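S.K.: From first to last, the protein sequence lines stand for chains A and B.
To convert a position in the first sequence, counted from 1, into this note's numbering, add 1.
To convert a position in the second sequence, counted from 1, into this note's numbering, add 1.
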Amino acid sequence: MDACLLQCLNPQTQENLIHPMTQRKAVALISGGLDSMLAVKMIQQQGIHVEGINFFTGFCVEGHTHAIRNRDQARPKRNNALWVAEQLGIKLHIIDVIDEYKDVLLNPKHGYGKNMNPCLDCKGFMVKKAREWIEANDFDFIITGEVIGQRPMSQRKDTMPVIARESGADDRLLRPLCAQHLPETLPEREGWVDTSQLGAITGRSRHEQMALAEKWGFKDYATPAGGCCFLTDASYSRKLVDMWQHRGSREYSLDDIMLLKVGRHIRPNQRFKLIVARDAGETNYLKGYRGQFTHMAAISHGGPMTLIEGEPSSDDLELAARITARFGQGRNADRVTVEIHPIGGESMKLSIPPMPASEIAQEWYV
Amino acid sequence: MKYQLDATNLLCPMPVIRTQNRVAELAAGDTLEVHCTDPGVLHDIPAWCRINGHEVINQRREHGVIIITVKVSDD
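1) N59(B) versus chain A: which residues are under 9 angstroms apart at the beta carbon?
2) Could you confirm whether any beta carbon from chain A is found closer than 8 angstroms to the beta carbon of L12(B)?
3) Identify whether I67(B) lies in helix, strand or coil by the three-state DSSP scheme.
4) Do you know whose CA, among G54(B), Y4(B), R19(B), A8(B), lies nearest I67(B)'s CA?
5) Hey, M127(A) and F56(A) are a contact pair by Cβ (cut 8 angstroms); roughly how many whole angstroms apart?
6) Is the region 131 to 145 of chain A touching the region 156 to 173 of chain A in the sense that three or more CB pairs, one from each, lie closer than 8 angstroms?
7) Whole angstroms are fine: how far does the CA of V62(A) sit from the CA of D36(A)?
8) Which same chain residues, not among the five before or five after A226(A), have their C-beta less than 6 angstroms away from its C-beta?
9) How many Å lie between A321(A) and N108(A) at the Cα?
10) If distances are taken between C-alpha atoms only, which option among V148(A), I341(A), K26(A), A281(A) comes closest to Q47(A)?
11) Say whether chain B places a C-beta atom closer than 8 angstroms to the C-beta of E283(A).
12) Rounded to the nearest angstrom, how far is the Cβ of I52(B) from that of L93(A), given a contact under 8 angstroms?
13) Let's test the definition: count the other Cβ atoms within 10 Å of the Cβ of T23(A) and tell me whether it reaches 16, buried, or not, exposed.
14) Let me see if you follow: with CB-CB separation under 8 angstroms, is F57(A) close to chain B or not?
15) Does G53(A) pass the burial test, meaning 16 or more other C-beta atoms within 10 Å, or should it be called exposed?
16) I need the straight-line Cα distance from V57(B) to T38(B), nearest angstrom please.
17) Quick check on Q293(A): does DSSP put it in helix, strand or coil?
18) Please go through the region 83 to 163 of chain A and give each complete beta strand (DSSP E) segment of 3 or more residues, from N-terminal end onward.
19) Along chain A, in chain order, which residues have C-beta atoms closer than 7 angstroms to that of G51(B)?
20) Leaving out the 5 sequence neighbours to the left and right, which residues in its chain are closer than 6 angstroms to K240(A) when beta-carbon positions are compared?
21) At a Cβ cut of 7 angstroms, what residues of the region 10 to 44 of chain B count as close to chain A, listed as they run along the chain?
22) Quick check on V73(B): does DSSP put it in helix, strand or coil?
23) Quick check on R265(A): does DSSP put it in helix, strand or coil?
24) Quick one: any contact between the region 38 to 46 of chain A and the region 141 to 154 of chain A, if contact means 3 or more CB pairs under 8 angstroms?
25) Determine the extent of the alpha helix (DSSP H) in which E319(A) is found, giving its start and end residues.
26) In this structure, does DSSP put Y222(A) in helix, strand or coil?
27) On the criterion of 16 or more Cβ atoms from any shown chain inside 10 Å, does M259(A) qualify as buried, or is it exposed?
28) Please classify Y237(A): does DSSP put it in a helix, a strand, or coil?
29) Using three-state DSSP, classify T196(A) as helix, strand or coil.
30) For a test of the three-state rule: what should DSSP assign to N10(B), helix, strand or coil?
31) Report buried or exposed for H296(A), applying the criterion of at least 16 other Cβ atoms within 10 angstroms of its Cβ.
32) Taking only three categories from DSSP, how would you classify F231(A)?
33) Excluding the 5 residues flanking L12(B) on each side, which residues of the same chain have their C-beta closer than 8 angstroms to its C-beta?
34) Put T203(A) into one of helix, strand or coil per three-state DSSP.
35) Could you check whether E310(A) and K350(A) sit closer than 8 angstroms to each other, using their CB atoms as the reference points?
36) What does a CB cutoff of less than 7 angstroms around A223(A) pick up in its chain, not counting 5 residues either side in sequence?
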């Protein structure tokens, strides 16, 4: 084609003429749930190459975290995002954002939801990371499984443009499941995808998603109760805030936030907290922390492993031993022998009467 | 070349992330022996390999540690 004529055409048409076989590429935020799975399928059907991206904040609800407990052993031990990627036949890039995520959690510009969940900032952060990823990897746009009206903070018609704007993704962010209700995006405007083939889903009902899943033969997809993040959980959020308050700092490590997912957390006074395993699975998990915490367990009877966080006095350790004994098989015995391993000190054995359940004040439970 | 990665005492998906990041630095044909304690890796590392074109060539347990050997493809 004549060079002068080519210059008269719009940039996209020029691109199409120069590279007629260019396949457009999208990256999809994959949570492991049904919505992102359907969004990918919808875009794949339009001939777009899709790869997945999954961000690990440390607060993600993982099947494996549940599987620490004995009662959850029947659940499939799988990472749902990987499972979704395999069903769709796409690559998945799992990105560790634990450190970067701290600023999102500690300083959310848009505040928290019902608990410690900074959903709007979180979604904006993830789309921003995805935008950086497509720029670094020469992809064209981003897709998510968001649906208008499905979440009270991040999936409202008035907040969804905020995410697009603040992430810097702008019109490179396409929400296929509800695209017909949203302003036109770059891939629609350029004709890379046909809007009429995209969704018009709104609201919290899952009927349309389930119908699409049925149509496309998706079975056994994850349906996590309470969402995919521990920060939406009231009990977890309470433990997180308690940890910050008693440390006088909102700093945290991955181990800190993992341990909040495990065991009974009991704080009899300001000096220390017990983390008491609820079953053998949790005891095994807590054993991995023996080198970092004062810990104890009954040796005269079966019972749980307990970690002690804080600076307990010797009286506190005896109290902790009595509480530990209460949750073991010797709870009705006159005395139970508990072996205590202070961090950096000599181990010791205490013969103590287990604490009756009625003496463990309800307000001690975090 | 043969390489090793210690991912013990990490819960999934961290062993997968560590594997993914290490594999990205290796050449096609290299092998990476990943040492883990979370049984979830028995599902997740093979799944990650399948979707990214790499191959699990060995899987064994030694003293409670799960050892998975991944052969890196040129994908």
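Every residue gets a Cβ at the ideal spot worked out from N, C-alpha and C, and that includes glycine.
Bear in mind that the values here come from a model prediction, so they are computed numbers and not experimental data.
M.R.: According to the structure shown:
1) Mapped onto the second sequence, residue 59(B) falls at position 58. Per Cβ cutoff of 9 angstroms: no residues; N59(B) is ~20 angstroms from chain A at best.
2) Here residue 12(B) refers to the residue found at position 11 when the second sequence is read from its first residue. Yes, L12(B) lies at the interface with chain A (some Cβ there is under 8 angstroms from its Cβ).
3) Here the question's residue 67(B) lines up with position 66 in the second sequence. In the three-state scheme derived from DSSP, where H, G and I count as helix and E and B as strand, I67(B) is classed as strand.
4) Numbered from its first residue, the second sequence carries residue 67(B) at position 66. For I67(B), the closest C-alpha among the options G54(B), Y4(B), R19(B), A8(B) is that of A8(B).
5) The residue given as residue 127(A) occupies position 126 in the first sequence. The residue given as residue 56(A) occupies position 55 in the first sequence. At roughly 5 angstroms, the Cβ-Cβ gap stays under 8 angstroms, so M127(A) and F56(A) are in contact.
6) Because the criterion of three Cβ pairs below 8 angstroms is met, the region 156 to 173 of chain A and the region 131 to 145 of chain A touch.
7) As a working note, residue 36(A) is residue 35 in the first sequence. As a working note, residue 62(A) is residue 61 in the first sequence. Taking the straight line joining both Cα atoms gives about 16 angstroms.
8) Along the first sequence, one-based indexing puts residue 226(A) at 225. Any reading at A226(A) must be qualified, since the residue scores a pLDDT of 48, below 50, and its modelled position is unreliable; the value itself is stated next. Result list for A226(A): empty, nothing under 6 angstroms.
9) On the first sequence, position 320 is the one that residue 321(A) refers to. On the first sequence, position 107 is the one that residue 108(A) refers to. The straight-line gap from Cα to Cα measures roughly 35 angstroms.
10) The sequence position of residue 47(A) within the first sequence is 46, counting from 1. Of V148(A), I341(A), K26(A), A281(A), the residue nearest in Cα terms is K26(A).
11) Stepping through the first sequence from its first residue, residue 283(A) is reached at position 282. Not one chain B Cβ lies under 8 angstroms of E283(A).
12) One-based indexing of the second sequence puts residue 52(B) at position 51. One-based indexing of the first sequence puts residue 93(A) at position 92. Indeed, because the Cβ distance is near 6 angstroms, the residues count as touching under 8 angstroms.
13) Stepping through the first sequence from its first residue, residue 23(A) is reached at position 22. Under a 10 Å Cβ-count criterion, T23(A) is classified as exposed, with fewer than 16 other Cβ atoms of the shown protein chains found around its own Cβ.
14) Indexing the first sequence from 1 puts residue 57(A) at position 56. With 8 angstroms as the cut-off, F57(A) counts as an interface residue toward chain B.
15) As a first step, residue 53(A) is located in the first sequence; it is residue number 52 there, counting from the start. Looking at its Cβ environment, which holds 16 or more other Cβ atoms inside 10 Å, G53(A) is buried.
16) Taking the first residue of the second sequence as 1, we reach residue 57(B) at position 56. Taking the first residue of the second sequence as 1, we reach residue 38(B) at position 37. Using only the alpha carbons, I get a separation of about 17 angstroms.
17) Within the first sequence, numbered from 1, the residue matching residue 293(A) stands at position 292. Residue state, collapsed to three classes: coil.
18) Segments of the beta strand (DSSP E) lying fully in the region 83 to 163 of chain A: 93 to 97, 142 to 144.
19) Locating residue 51(B) in the second sequence gives position 50, where the first residue counts as 1. Here the sequence assigns Arg to residue 51(B), which means Gly is not the residue at that position. E87, listed in chain order.
20) In the first sequence, the residue the question calls residue 240(A) occupies position 239. Closer than 6 angstroms at Cβ, skipping near neighbours: L261, H266, V367.
21) Within the region 10 to 44 of chain B, the residues whose Cβ lies closer than 7 angstroms to some Cβ of chain A are N10, L12, C13, P14, V17, I18, Q21, D39, P40, G41, H44, listed in chain order.
22) Indexing the second sequence from 1 puts residue 73(B) at position 72. The answer is coil: DSSP assigns V73(B) none of H, G, I, E or B.
23) Within the first sequence, the letter at position 264 stands for residue 265(A). Correct three-state label for R265(A): strand.
24) Yes, the region 38 to 46 of chain A is in contact with the region 141 to 154 of chain A.
25) If you number the first sequence from 1, residue 319(A) lands on position 318. Here the alpha helix (DSSP H) through E319(A) covers 315 to 327.
26) Here the question's residue 222(A) lines up with position 221 in the first sequence. In the three-state DSSP reduction, Y222(A) falls in the coil class, being neither helix nor strand.
27) Numbered from 1 along the first sequence, position 258 holds the residue referred to as residue 259(A). M259(A) should be labelled buried.
28) Translated into positions along the first sequence, residue 237(A) becomes position 236. Here Y237(A) sits in helix by DSSP.
29) The residue labelled residue 196(A) in the question sits at position 195 within the first sequence. The three-state reading of DSSP puts T196(A) in helix, counting H, G and I together.
30) For the purposes of this step, residue 10(B) is taken as residue 9 along the second sequence, with counting starting at 1. Of the three classes helix, strand and coil, the one that applies to N10(B) here is coil, per DSSP.
31) The residue given as residue 296(A) occupies position 295 in the first sequence. Buried is the call here.
32) Taking the first residue of the first sequence as position 1, residue 231(A) is located at position 230. In the three-state reduction of the DSSP assignment, F231(A) falls in the helix class.
33) For the purposes of this step, residue 12(B) is taken as the residue at position 11 of the second sequence. Excluding residues within five positions, the ones whose Cβ falls inside 8 angstroms are D39, G41.
34) Taking the first residue of the first sequence as position 1, residue 203(A) is located at position 202. In this structure, T203(A) counts as strand in the three-state DSSP scheme.
35) Taking the first sequence and counting its residues from 1, the one referred to as residue 350(A) is at position 349. Taking the first sequence and counting its residues from 1, the one referred to as residue 310(A) is at position 309. No. Outside cutoff.
36) Within the first sequence, residue 223(A) is the residue found at index 222, counting from 1. In chain order, G33, G34, N81 place their CB closer than 7 angstroms to the CB of A223(A), counting only its own chain and leaving out the 5 sequence neighbours on each side.
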